[in-house]
Structure formats: structure tokens, C-alpha cells
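What follows is one structure encoded as C-alpha cells, with my remarks underneath.
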Amino acid sequence: MKQDVIELDGAIGGGQVLRSALSLSMLSGKTLRIHNIRARRSRPGLLRQHLTAVQAAAQVCGAKTSGVELGSQALTFEPGPIRGGDYRFAIGTAGSCTLVLQTLLPALLRAPQPSRVSISGGTHNPLAPPVDFLQQAWLPLLRRMGGQVELQLLRHGFVPAGGGELEAFVQPSVLQPLHLEERGALQGSRAWAMSAGLPEHVAERELRRVHNRLELLREHLTPVQLDEQYGPGNVLLLEFACEHLTELFCGFGQNSLRAEKVADLAIDQARDWLDSGAAVAEHLADQLLLPMALAGGGSFTTPCMTEHLESNIRVIEAFLPVRIEARSLSEQVLRVECHTLG
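What follows is the structure, given as C-alpha cells:
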């Protein structure tokens, strides 16, 4: 087997293993062969959003591919040179636009030309970061590392209807290491509940729950009623602006969940992070790891090791000459550090 071919067992994680591997294949120029894609999920193999991510990545770098079809559990991705430019991708379902974008962004930062990327599908999905998370929490840290990225939400899209759209503008950038050992003092917090095609009391009940459990001031609680054409859909978002970063937590409305339970999903995540004293919560930790590896260094503290974080470490170390070390500082704080080898 040639040294420039990376073989991965996708069973070590879910869709993130595929997305990170695609990003790293484009950046390293190494061919990716992956099998057992999402093998442990209830619907294994490529779903529509994963298929779009592979097709979009192939377009950005002119890759040769095989096995790229719905339901496929194995594929080969042989990348070519990364190209900037104008790109438009349609998932065709409520699959996550943000996950497709995050697959492409690392490569587009290394492209020789600027890029504009439009992606249509779902913008607010369970099990994926909403656009607000990228705008408020992730991209500010990426920009601090030197990444020149702007992101606009053009139209909301909820599950199951989809129909949302985002647009990103990416300038070629060189990333620098970032160290986030502490979050710093809390400077402000707010919550907003977005709903479309649902009674107004849904958002009001979610925000009342936030007020009762987190004691946020009522002036920091905002119901957002979207046009019913975007619905039905609902999401509660909790934002905490700290001295060194901003974190955002969300709970998504579903048919089987009462409004109070939707709020509890976001509140419980926020409380776990607040009580831990760690700098970043688990989702932000997952999404900082790859940019830090590309920057050649960085570190952060997070409450614990998760499946996503562990599998991401294994994928990154398979492609890049970096070492990612994690050690417990206390029962509630894990320090993760990335540095180059040699």
C-alpha cells in the first residue's frame, strides 16, 4: 500500500469521522479509503447530508471518488488541488448545512483564491450545530486564529421541511495557535426561542423555564416568531458571553417533547459546563480540534473526553504530523493540547 493512502474504519465514530477525514484528505493530498461509515448508527452509511459533503468536497478539489451513493458504507476519495471560487450546494432535505460547510472550510482557507459558498438544506437541526453556534461561538475563535470567514443566514430551515440557506465568504488564511485554558469572567447571558408555524406559547414556556432555572433577567429573554413558511420548527438558544469566548447551547423542539423539556435540554448542557469551570463545552471542543491541528498547535480545557473528541483525535493523527494529548486536571476538567511532531 502506498504511503499517501489513509485507511480508516468509520466504526470508530459517526458522520464526524467522515467529515474530518474529507477535510484532511483535501488538505494533505492523501487519498482516503474509509469503510464501515456510520456503522453503529441506526441508519448506517451515507445519508443525504453526508453524500452532499462528499460531493461538495470532491468539487472543491477535483477529487476522483468511488462508492459515493446513498447508503454506501465504504468510499474512496482521491483529492486534487484545492480551488477557490463560487460554489452552490443543495442537500435536498433538511440535512445540516453547517456540517457540510465545516467539511469545506478548512480546505477553502488554504485555497489560492477567495471563495463564496451557498448551501441549502437545514440550518437548525438536532444533532448538528445551528448556524447561530457557528456565528456566535465557533467563528469568533477561528477569526482569532487568523481565519477570514464571514457567514450569513439567508433563510431558516428546520426538520423535516428544510428549505434553509446559508452563505459563507472565505479568504485564504494562515491559522495561528490558540490557547483557551480559562473562559474568564461571565460578562452576559441571554436566551432566545425561535419558532415558526407554532403557537406563541411554545417559546414563552421555554423562556419561562430558563428564567426559573437559570434566573436570567426577563429583558434578556427574547421570543422570535418566524414566518410560518419556515415551519414547523422550534429551537431554544442559550448564549453565555465570557471574557475569552462565547458558548452557545440549544434545545430543539420535537413532536414528542413538551416545551419545558426542550428548554431543559439546553439548560442541563449549560449547567454542566458552568459547573465544570472548563473553558469550552463538548461541542466547541470537537470543532476546535481540527483548526488547532492545522495551526500546528493550541490547547483548551473541556469537561470530559467524548466519543466525538476521541475519534476526531484518531482521524487527525492519522493524516497530520501532530500529537494530541489529553490529561485530566480534575474530575470535571480535561486539558487537550495539540503540537507538531519533530
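Note that our numbering has the sequence shown beginning at 1018, numbered continuously upward. Beta carbons: idealized from backbone N, C-alpha and C, even for Gly. Every value quoted in this text rests on a predicted model; they were computed, and no experiment measured them.
Beta carbon of residue i nearer than 9 angstroms to that of residue j
i	j	result
Cys1114	Leu1183	yes
Phe988	Ala1296	A query on residue 988 cannot be resolved here, the shown segment of the chain reaching from 1018 to 1359 and no further.
Arg1230	Ala1280	yes
Val1022	Lys1047	yes
Arg1226	Ala1298	no
Ser1070	Leu1041	As written in the sequence, residue 1070 is Ala, which differs from the Ser given in the question. Contact: no.
Leu1156	Leu1197	no
Pro1129	Met1043	no
Gly1181	Leu1215	no
Thr1239	Ala1210	yes
Gln1165	Pro1146	no
Val1350	Pro1320	yes
Gln1271	Pro1143	yes
Ala1213	Gly1248	yes
Ala1312	Leu1337	no
Gly1027	Leu1035	yes
Arg1050	Leu1025	yes
Thr1323	Glu1199	no
Ser1206	Leu1254	no
Ala1073	Phe1106	yes
Leu1087	Leu1126	no
Arg1331	Ile1054	no
Phe1269	Val1148	no
Pro1131	Val1187	yes
Leu1306	Cys1355	yes
Helix, strand or coil at residue i according to DSSP, with G and I counted as helix
i	result
Gln1153	helix
His1173	coil
Arg1161	helix
Glu1184	strand
Glu1342	strand
Leu1337	coil
Leu1307	helix
Leu1362	The chain is shown from 1018 up to 1359; residue 1362 falls before or after that span and cannot be answered.
Leu1168	strand
Arg1351	The sequence given here places Leu at residue 1351; Arg does not occur at that position. Three-state DSSP puts Leu1351 in a strand.
Buried/exposed call for residue i, threshold 16 Cβ in 10 Å
i	result
Gly1359	exposed
Pro1308	buried
Lys1019	Since pLDDT at Lys1019 reaches only 43, below the 50 mark, its modelled position is unreliable, and the value read off the structure follows with that caveat. Result: exposed.
Gly1201	exposed
Arg1357	Note on identity: in this sequence residue 1357 is Thr, with Arg being the wrong assignment. Classification for Thr1357: exposed.
Ser981	Because the chain here runs from 1018 to 1359, residue 981 falls outside it and cannot be looked at.
Ser1083	exposed
Asp1303	buried
Leu1203	exposed
(Q) Could you tell me which whole beta strand (DSSP E) segments of length 3 or greater appear in the stretch 1019-1056? (A) Note on the stretch 1019-1056: whole beta strand (DSSP E) runs with a minimum of 3 residues are 1022-1026 and 1048-1052, in chain order.
Q) What runs of the beta strand (DSSP E), each 3 residues or longer, lie entirely inside the stretch 1240-1299? A) Segments of the beta strand (DSSP E) lying fully in the stretch 1240-1299: 1250-1259 and 1263-1269.
Q: Enumerate, from N- to C-terminal direction, the unbroken beta strand (DSSP E) stretches of 3 or more residues contained entirely within the stretch 1190-1244.
A: Entirely contained in the stretch 1190-1244, the beta strand (DSSP E) runs reaching 3 residues are, in chain order, 1195-1197, 1203-1213 and 1238-1243.
Q | Given 8 angstroms, three or more beta-carbon pairs between the stretch 1135-1142 and the stretch 1106-1113 | A | Touching, yes, given that three or more Cβ pairs across the two stretches are closer than 8 angstroms.
(Q) So within the stretch 1048-1132, which uninterrupted beta strand (DSSP E) runs reach at least 3 residues, ignoring any that extend past its ends? (A) For the stretch 1048-1132, whole beta strand (DSSP E) runs of length 3 or above, ordered along the chain, are 1048-1052, 1081-1083, 1091-1095 and 1102-1107.
Q: Count the C-beta pairs between the stretch 1214-1225 and the stretch 1165-1173 that are closer than 8 angstroms, then say yes if the count reaches three, no if not.
A: The stretch 1165-1173 and the stretch 1214-1225 do not touch, with fewer than three beta-carbon pairs separated by less than 8 angstroms.
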